[in-house]
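The block underneath contains the structure these notes are about, expressed in C-alpha cells.
There are 2 protein chains.
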Amino acid sequence: MSASTSGPSTDPLLPRLAAIVGETHVLTDADALEPYLHDWRGLYKGRTRAVVRPGSTAEVAALLRCCHEAGVPIVPQGGNTGLVGGSIPDLSGTAVILSLRRLDRVREVDLSSDTMIVEAGVTLLAAQEAAEAAGRFFPLSLASEGTCTIGGNLGTNAGGTAVLAYGNARELVLGLEVVMADGAVWNGLGKLRKDNTGYDLRNLFVGSEGTLGIITAAVLKLFPARRDIVTAFVGLPSPAAALALLDRAKARLGAGVTTFELMPRMAVEMVVNHIPGNRDPLAGAHPWNVLFEASSPSDPDLRNKVETLLAEAIESGEAEDATIAASLDQRDALWRLRESLPEAQGHEGGSIKHDISLPLSRIPAFIEAMGAALERLVPGCRPLPFGHLGDGNLHFNVTQPVGADRTEFLGRWGEVSGVVLGEVVREGGSISAEHGVGQLKRDLLREVKDPVALDLMRRIKSAFDPKGILNPGKVL
Amino acid sequence: MSASTSGPSTDPLLPRLAAIVGETHVLTDADALEPYLHDWRGLYKGRTRAVVRPGSTAEVAALLRCCHEAGVPIVPQGGNTGLVGGSIPDLSGTAVILSLRRLDRVREVDLSSDTMIVEAGVTLLAAQEAAEAAGRFFPLSLASEGTCTIGGNLGTNAGGTAVLAYGNARELVLGLEVVMADGAVWNGLGKLRKDNTGYDLRNLFVGSEGTLGIITAAVLKLFPARRDIVTAFVGLPSPAAALALLDRAKARLGAGVTTFELMPRMAVEMVVNHIPGNRDPLAGAHPWNVLFEASSPSDPDLRNKVETLLAEAIESGEAEDATIAASLDQRDALWRLRESLPEAQGHEGGSIKHDISLPLSRIPAFIEAMGAALERLVPGCRPLPFGHLGDGNLHFNVTQPVGADRTEFLGRWGEVSGVVLGEVVREGGSISAEHGVGQLKRDLLREVKDPVALDLMRRIKSAFDPKGILNPGKVL
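Written as C-alpha cells, this is what we have:
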C-alpha cells in the first residue's frame, strides 16, 4: 500500500487543497495517481499525498500559500515526458504533485507584436498549431511535442531540432508569469523585446526545473511562417568534414540553416534494419551522414542555393554524396530516419546514454578519442554519437557489443559514463546539454560544476525558497 | 578639496591596493581622477578614494577580497559612456573606482566554434575589428562604440542598431568570467550553445550593472560576415504604416531585416538644418521616415528583393516613397542622418528624454495619445519619437517649444516624464529599454516595477553581495 491510497480523510491538508481546486481535482486514488508517479522510461518511481490539478493561476497561488504555510513539498508536473526524473517526487510520500495540465488556454495571439500568451499546460503541439493558425511559426520542436507542455519546456529550457536557427526554449520566451514558493505571483508577462529595468528574472526561472517558482504562463515569440524549406541528406567522410560543411552552410545561408543533425553509418543501418518504412536515402555507404535543413519565410531560390552549396561541398571533399528531398513525402522520410534512431537502438540491446555538448571545434577529436578509449574499456561496444551537431550537442550513446549480456553491460554505466563525461568536462563541455539535471544528474553536478557557480545556485535557491518546498531533491 | 586629493598616505587601504596592482595603477591625483568622476553628459559627479586599474582577473579578485574585508564600496567602470550614472560613485568619497580598461586583451578567436574570448576592457570597436579580421561579424553596434567597453556593454545589456536581427548584448554572449563581491572567481567562460546544468547565472550578471559581480571576460558569439547589405530610406504616412512595412519585411526577409529605425519629419528637418553634410534623401516631405537595412552573408539578389518589397509597400499605401543607397557613400549618408539626430536636437533647445519600449502593437496609439497629452501640458512642445521601432524601443524625446526658455522647460521634466512614463507603464512598456537603471531611474524603478520582481531582485542582491559593496546605490 502506498501513502497515496490512505485517502483524504487521514490527511488534514487535503480538504484545504480541495477547498481551493474542488474535490474532483484532488486525486488520491491509486489508479488515478499511477501515471503521475513514474517517468515514461520507468527509471523513477515516487509517492505522493495527492495530485492537485489547479485550473487557474489564482488557484496555483492559493495552493502554494497553503503548502508553504504547512511546509509541504510541491512537485510541479506538465506532460511528464522528462528524461531526468525532474517531475517525479521522492518515495517519502510527503510531497503534493502539482499538475499544471488544466492551465491549457492560449490567452492571446498578438500578430503586431509577434507574440502569443499561453498557459503552462498548453502542449507544445497545441502552441505550434496556434501559431500556425495565425499564419506564424513557433519553432520549438521535440520528439515528445504532442504530450510535453510549455511549462515543462520552459522549466527545463528544452532544445530540440531547430535550436541552430531559433535557439533553445529560453530564446523563445519574452515574459513569464510565475508563482513563488509563498504564493506571491510575479506578473512578468511583458511582450517587450528590450527591457533593462533590473535583473533578468525570466532567464533565472527558465531552466530552474521548478525549484525556484512555478511557471503558470508565458509570452512566446512568433516567427514568420516558413514558405520555403529544403531538406537534404548528406554522406560525409568524418565529423571534421561535417563541421566544415556547417561552416560553409552558415557562410552561405546564415540564419537560414535550421537543422544540422549528425548520424554515424551504424545509426543509419540500425534504423534501416529495425524500423519498417525506412531506407538509406543514398546509394552508397558513407562513414557519417548529416540531415540538413534550410528554410526561409520566402526564398524561391533556396533549393538552388542548397544544391550549389552541396555541389561545392562534394567538390571540396567535405561531402561524398547528397540528396535533396523532392517532395513532402521524401522530406518526411528523411526526418523519420533521424527520429527513428532512439527506437532502433533499443533493438540492438542496452545503451548507455549521454546528453552532452562541447565547443564545436573540439567535437571531431572528442569522437575519435572516445572511440579508442571505449574500445579499450569495453571491447566491441558501439559508440553512437548523433544529434544536434550544429549546436555542439551530441547524444553520445554507447550500445552494447553484439551478443553481449545486456544487464552486465548496463552494469558498467558508471565506468562508461566516467570515461565519456570526464573527457567532456576536461574539454569544457556540458554533462547535460538539453535534458536538464533533475534527479538523474544531481549528484554528478556537484562533482563537475564550478564550485563558485554551485555556491551561487545554492544562494539563489535559499533566497527564493527558504523552506525548500519547491521540487526538493532536484538540481541541487 | 575633494577626498580624492587627500593622497595615499592618509588612507591605509591604498598601500594594500598598490601592493596588488602596483603604485602607478592607483590614481589619487585630482587631475588624473577627474575623467573618472563624472559622466560624459555632465549629469552626475562623484568622489572616490582612488581609481584602481588592475591588469588581470587575478588582480581584480585580489582587489575585491581586500575591499570586501574592509567593507569598502567598489564602483566598476569601463569606457564611462553610460547614460544613467551607473559608473559614477556617490559624493561620500568612500568608494574605490575599479577601472577595467587595462583588461584589454582578445584572449582567443575560435573560428570552428564561432566564438571569441575578450576581456572586459576591450572596446566594442576593437571587438568588432577582431571579428572582422577573422572574417566574421560581431553585430553589437552603438554610437559610443569607439569608447565603450565589452564589460560595460554586458553589465548594462547594451542594445543599439542591430538588435532586431541579432538581439541585445545578452544574446551575443555564451560565457562569462565574473569576480564576486568576496573575490571568488566564477569561471563560466564556456563556449557552449546548449548547457542545462543548473540556473542561468550568465543572464543574471548581464544587465546587473556591476551590482552582483564584476565581469572580467566574456565568450562572444561570432556571425558570418555580411557580404550583401542593402540600405534604404523610406517616407511613410504614419507609425502604423511603418509597422505594416516591418511585418511585410519580416515575412519576406525573415532574419535578414537588420535595422528598422523610425524618424518623424521634424527629426529629418532638424538634422538637415543643423548638421552640415546632411540632406533629405527623398524629394518630398513625408510625415514619417524609416531607415531600413537588410543584410545577408551571401544573397546577390537581396537588392532586388528589397526593391520588390518597397514597391509593394508603395503600391499598398504603407510607404509614400523610398530610396535605396547605390553606393557605400550613400549608405553612410543615410546612417549619418540617423546618427546626427541626438546632436541636432541640441540645437533646438532643451529636450526631456525617455528610453522606452512598448509592445509593437501599442506604439501607433501611444505616439498619438502622447502628442495630444503633451500639447495640453506644454503647448508647442515638440515630441520626437525616434529610434529602434523594430525592437519596440523609442527614444521618446520631447523638445522645448520654439523660443521657450530652456531652463524653465527642463524644470518641467518631472511633469512631462510623468505623462510619458505613466502611459508606458499602463501599456505594459519599459521605462528603460536599453540604457539601464543606474542612478537616474533607481527611484522611479521602485515606483513602477512589479513589487514581487523588486522583492526577488533584493533577495538576489543580498544573496550575492551581503555587505552591499558592489556599485551601491545603483539599480536598487
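As given, the protein sequences belong to chains A and B, one line each in that order.
With my numbering applied, the first sequence covers 83 to 558.
With my numbering applied, the second sequence covers 83 to 558.
Each residue gets a CB set at the ideal place from its N, CA and C atoms; glycine is no exception.
Please read all numbers here as calculations on a predicted model, not as lab measurements.
### Task
Classify A:Arg-135 as helix, strand or coil using the three-state DSSP reduction.
Three-state DSSP puts A:Arg-135 in coil, outside helix and strand.
### Task
Could you work out which residues of chain B lie near A:Ile-297, taking near to mean beta carbons separated by less than 7 Å?
Neighbours of A:Ile-297 on chain B: none; closest Cβ ~14 Å, over 7 Å.
### Task
Could you spell out the range, first to last residue, of the beta strand (DSSP E) harbouring B:Pro-465?
464 to 468
### Query
Along the chain, where does the beta strand (DSSP E) that runs through A:Trp-122 open and close?
From DSSP, A:Trp-122 is part of no beta strand (DSSP E); its letter is neither H nor E.
### Query
Of the residues B:Gly-453, B:Leu-325, B:Gly-228, which one's Cα is nearest the Cα of B:Gly-472?
B:Leu-325
### Message
Could you compute how far the alpha carbon of A:Arg-524 sits from the alpha carbon of A:Ala-251?
### Response
Cα-Cα distance, rounded: 22 Å.
### Message
Between which residues of its own chain and B:Ala-101 is the CB-CB distance below 8 Å, once the five residues before and five after are set aside?
### Response
none
#### Entry: Residue range of the unbroken alpha helix (DSSP H) whose run includes B:Ile-542
533 to 546 is the extent of the alpha helix (DSSP H) around B:Ile-542.
### Message
Starting from A:Glu-211, trace the alpha helix (DSSP H) in both directions and tell me its first and last residue.
### Response
206 to 215
### Message
For a test of the three-state rule: what should DSSP assign to A:Gly-336, helix, strand or coil?
### Response
helix
### Message
Rounded to whole angstroms, what is the Cα-Cα separation between B:Gly-292 and B:Asn-553?
### Response
6 Å
### Query
So what does A:Gly-520 bridge to, in DSSP terms?
Its beta-bridge partners do not exist; DSSP assigns none.
### Message
The alpha helix (DSSP H) that contains B:Gln-159, what's its start and end?
### Response
Segment 156 to 159 is the beta strand (DSSP E) holding B:Gln-159; no alpha helix (DSSP H) there.
### Task
Put A:Ser-398 into one of helix, strand or coil per three-state DSSP.
helix
#### Entry: Among A:Val-557, A:Phe-478, A:Leu-384, A:Ile-434, nearest to A:Gly-493 - alpha-carbon criterion
A:Ile-434
### Task
Could you pull out every residue in the same chain whose Cβ sits closer than 7 Å to the Cβ of A:Val-245, ignoring the five residues on either side in sequence?
Sequence-distant partners of A:Val-245 (beyond 5 residues in either direction) whose C-beta falls short of 7 Å from its own C-beta, in its chain, are His-470, Asp-473.
#### Entry: Unbroken stretches of the beta strand (DSSP E), 3 residues or longer, contained in the segment 230 to 284 of chain A
255 to 261, 267 to 270
### Message
Can you pull the chain A neighbours of B:Val-506, defined as C-beta to C-beta under 8 Å?
### Response
Result: empty, since nearest Cβ-Cβ is about 10 Å, beyond 8 Å.
### Query
For B:Leu-442, which option in B:Asn-475, B:Phe-468, B:Leu-410, B:Glu-214 has the closest C-alpha, if you only look at C-alpha atoms?
B:Asn-475
### Task
Answer with buried or exposed for B:Gly-359, where buried requires no fewer than 16 other C-beta atoms within 10 angstroms of its C-beta.
exposed
### Message
Using only CA atoms, which one of B:Pro-221, B:Ile-199, B:Gly-217 lies nearest to B:Leu-207?
### Response
B:Pro-221
### Query
Per DSSP, what kind of secondary structure is B:Ser-194 in: helix, strand or coil?
coil
### Query
Any C-beta of chain B sitting closer than 8 Å to the C-beta of A:Pro-306?
yes
### Message
Taking the alpha helix (DSSP H) that A:His-356 belongs to, which residues open and close that run?
### Response
347 to 356
### Task
Quick one: grab the DSSP three-state call for A:Ala-515.
coil
### Query
Roughly how many angstroms separate the alpha carbons of A:Ala-333 and A:Leu-391, rounded to a whole number?
Here the alpha carbon of A:Ala-333 sits roughly 10 Å from the alpha carbon of A:Leu-391.
### Task
Enumerate in chain order the residues of its own chain whose CB-to-CB distance from A:Ala-483 is below 6 Å, with the five nearest sequence positions on each side excluded.
The sequence shown places Pro at residue 483 of chain A, rather than the Ala named in the question. Cβ within range, chain order: Gly-462, Cys-463.
### Message
Is B:Glu-516 close to chain A? Criterion is C-beta to C-beta, closer than 8 Å.
### Response
yes
### Query
Listing by chain order, which chain A residues have their CB less than 9 Å from the CB of B:Leu-274?
Ser-439, Leu-440, Pro-441, Asp-473, Gly-474, Asn-475, Gly-510, Gly-511, Ser-512, Ala-515
### Task
For B:Gly-555, count neighbouring Cβ atoms within 10 angstroms of its own Cβ and tell me buried if that reaches 16, exposed if not.
buried
### Task
Go to B:Asp-411, then tell me how far its alpha helix (DSSP H) extends in each direction, as first and last residue.
In the DSSP assignment, B:Asp-411 falls within the alpha helix (DSSP H) that extends over 410 to 421.
### Task
Starting from the C-beta of B:Tyr-281, find all residues in its chain whose C-beta is less than 8 Å away, skip the five residues before and the five after it, and write them out in chain order.
Result list for B:Tyr-281: empty, nothing under 8 Å.
### Task
Specify the secondary structure class of A:His-569 as computed by DSSP and reduced to three states.
Shown here, chain A extends from 83 to 558; a query on residue 569 of chain A therefore has no answer.
### Query
Among the residues of its own chain, which have a CB less than 7 Å from the CB of B:Asn-285, if the five just before and after it don't count?
Arg-252
#### Entry: Residues of the segment 374 to 403 of chain B with Cβ closer than 8 Å to any Cβ of chain A, in chain order
Ser-378, Pro-379, Ser-380, Asp-383
### Identity of the residues DSSP links to A:Thr-341 by a beta bridge
Beta-bridge partners assigned by DSSP to A:Thr-341: A:Glu-375.
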